[in-house]
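> What the first sequence shows, in the working numbering, is residues 4 to 418, in sequence order. Let me begin by handing over the structure; questions about it come next.
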Amino acid sequence: MIGLADCNNFYASCERVFNPKIKGKPVVVLSNNDGCVIARSNEAKALNIKMGEPAFKIKPILQKHKVHIFSTNFALYGDLSERVMNTLKSEINKVEVYSIDEAFLDFSDFSSFDRAMSIRKKVKQWTGIPISIGIAPTKTLAKVANHIAKKSTKEGVFVLRERDITRSLQHLAVEDIWGVGRRNAFKLKQYGVYTALDFTNVNIEWLRRKFSINAVRLQKELKGERCYELELKKTKKKNICTSRSFGKETNNYNIIKQAVSNFANTCAVKLRNERSCCYKISVFLMTNRHKASAVQHFPYITLNFNTPTSDSFEIVSKANIALQTIYNNACIYKKAGVIVQSIVSENEVQASLFDTIDRKKRNRLMCSIDKINMLMGRDKIRLAAQGFDRKWKLKQEKLSPCYTTRFSDILSVNI
DNA sequence: TCTGGGGTCCTAGGACCC
DNA sequence: TCTGGGGTCCTAGGACCC
């Protein structure tokens with residue numbers, strides 16, 4: 004059997020761990036720039052606050068019910084996620100960390116309701132985060148089991164046995180199947196497929212023809228045939244993207260250049276952490292698509308490196324060449340981003356015949372910079388192009404302390 | 001006033017080869 | 001009159017996930 008452990012309302016729960024005052028109260032966490040609701044406590048869900056809703060649209064509800072609002076604090080969530088995963092690993096040998104708040108667990112040795120309950124209790128006790136566990140024969144069914152654990156059990160644990168599969172699928176809407184999104188749910192309903200059970204009953208050839216190979220796999224998984232195994236090896240990323248909306252829209256070239264330089268540098272740092280190099284870099288800009296009256300412009304350009312690189316100097320300067328090409332000062336931009344692509348492992352780099360850079364020396368320099376920044380704080384050493392004033396930076400008005408990752412933010416206790 | 005960020009996989013179609 | 005068949009590789013766009 005495969006288990007799926009999923010943290011309940013993860014970001015909202017993180018905010019509560021070190022702030023007991025907000026227990027039992029409605030809590031929402033907003034996306035970057037304090038834009039949309041991306042996490043809700045049960046009390047906030049009960050107020051009918053929807054996932055992804057722009058905060059400014061529901062301001063009256065938030066005020067009326069005294070909802071506690073937080074900006075995203077990824078330093079906190081990332082750290083608590085690691086604690087949860089480590090606790091799971093202390094109980095289960097094979098754990099696939101699937102996302103910041105989810106992990107697949109190998110229950111092939113023995114799976115029981117009681118074992119899952121004790122794991123759940125341990126995670127709560129050790130980290131303060133409540134989780135739900137669903138257990139079933141395949142990953143997709145484990146997702147179903149988790150769904151049931153969250154919605155219909157008091158304990159937060161559900162074991163989906165073979166004999167109960169049909170009954171469970173009957174009560175699961177087709178759009179709630181893992182891997183069926185909005186588009187395909189709409190399409191399926193047009194053909195009269197409304198529940199997960201309906202989905203398991205459609206002709207497999209028809210499914211292959213009308214949808215994709217994934218739909219076929221999905222059907223098999225729902226019937227208990229395993230198509231997806233646990234992925235225990237960490238794989239290298241194939242693309243790395245850093246992008247942000249600006250706190251304030253702008254057409255100022257220098258501000259945008261600073262932002263793009265910072266995003267490009269972050270991509271380079273991420274590449275070096277992965278021990279990878281990239282062949283290509285793309286830069287994009289976006290105007291505010293919600294503003295009907297504004298001139299819209301979504302330029303995007305990709306440039307190549309002759310030799311794959313993770314060098315900040317090269318990546319940032321190439322990003323700036325790209326920016327120069329696509330920037331148009333008649334437009335007010337809302338967002339910019341840098342993507343590095345065609346990624347290869349750093350020990351598989353094929354150098355260009357005409358390469359002129361002393362790469363060994365540059366690598367040592369980058370290593371030193373990374374080390375110093377690790378010890379002394381992010382961007383302590385930076386490229387001049389990154390600048391200091393950060394006029395493009397995001398809005399984060401409701402940021403909670405980094406309780407676990409910054410010395411000055413550690414809680415003090417009065418006895 | 002105000003609307004997120006970071007990924008993966010699949011497919012169709014174009015360009016090219018012999 | 002009449003215009004093939006079998007491939008590979010790359011890319012953009014779509015769909016999905018959290």
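We treat Cβ as the ideally placed atom computed from N, Cα and C, and that holds for glycine.
Thinking S246 and N36 are a contact (beta carbons under 8 Å), I'd like their distance in whole angstroms, please.
Actually they do not touch by this definition, with Cβ atoms about 12 Å apart.
> Please list, in chain order, all residues of the same chain as Q173 whose beta carbon is under 7 Å from its beta carbon, the five residues on each side excluded.
Excluding positions up to five away in sequence, the list reads T198, L200.
> Could you name each continuous beta strand (DSSP E) segment of 3 residues or more that falls completely within the stretch 290-332, going from the start of the chain to the end?
Listed in chain order, the complete beta strand (DSSP E) runs (minimum 3 residues) inside the stretch 290-332 are 303-312.
> How many Å lie between T312 and R393 at the Cα?
For T312 and R393, the distance between alpha carbons rounds to 26 Å.
> What are the start and end residues of the beta strand (DSSP E) that includes L233?
Premise fails: L233 is in no beta strand (DSSP E) and is neither H nor E.
> For N206 and Q222, I'd like the C-alpha separation in whole angstroms.
Approximately 10 Å between the Cα atoms of the pair.
> With C-beta atoms as the reference, is F266 less than 9 Å away from I329?
No.
> Can you pull the DSSP bridge partners for G137?
According to DSSP, G137 bridges with L7, F161.
> For R275, which residues from the same chain have a beta carbon less than 7 Å from its beta carbon, with the 5 sequence-adjacent residues on both sides left out?
Around R275: S313, M369, D373.
> Pull up the CB-CB distance for K239 and E277, whole angstroms please, since I reckon it's below 8 Å.
About 5 Å; that satisfies the 8 Å criterion.
> Suppose only complete runs of 4+ residues qualify. What are the alpha helix (DSSP H) ranges in the stretch 359-397, listed by chain order?
Counting only runs of 4 or more, we get 362-379.
> Can you check DSSP and say which residues form a bridge with T245?
T245 pairs with V341.
> If I'm right that P133 touches S16 with Cβ under 8 Å, what's the distance once you round it to whole angstroms?
That pair is a contact at about 6 Å.
> Tell me the rounded alpha-carbon separation between A145 and V219.
Approximately 18 Å between the Cα atoms of the pair.
> When the Cα of P57 is compared with those of H71, G195, S34, N187, which residue comes out closest?
Comparing Cα positions, the closest option is S34.
> List the whole-angstrom C-beta distance separating S84 from D104, where the pair is believed to meet the contact cut-off of C-beta under 8 Å.
The Cβ separation is near 6 Å, so the contact holds.
> Can you tell me where the beta strand (DSSP E) holding Y101 begins and where it ends?
Element bounds for Y101: 98-102.
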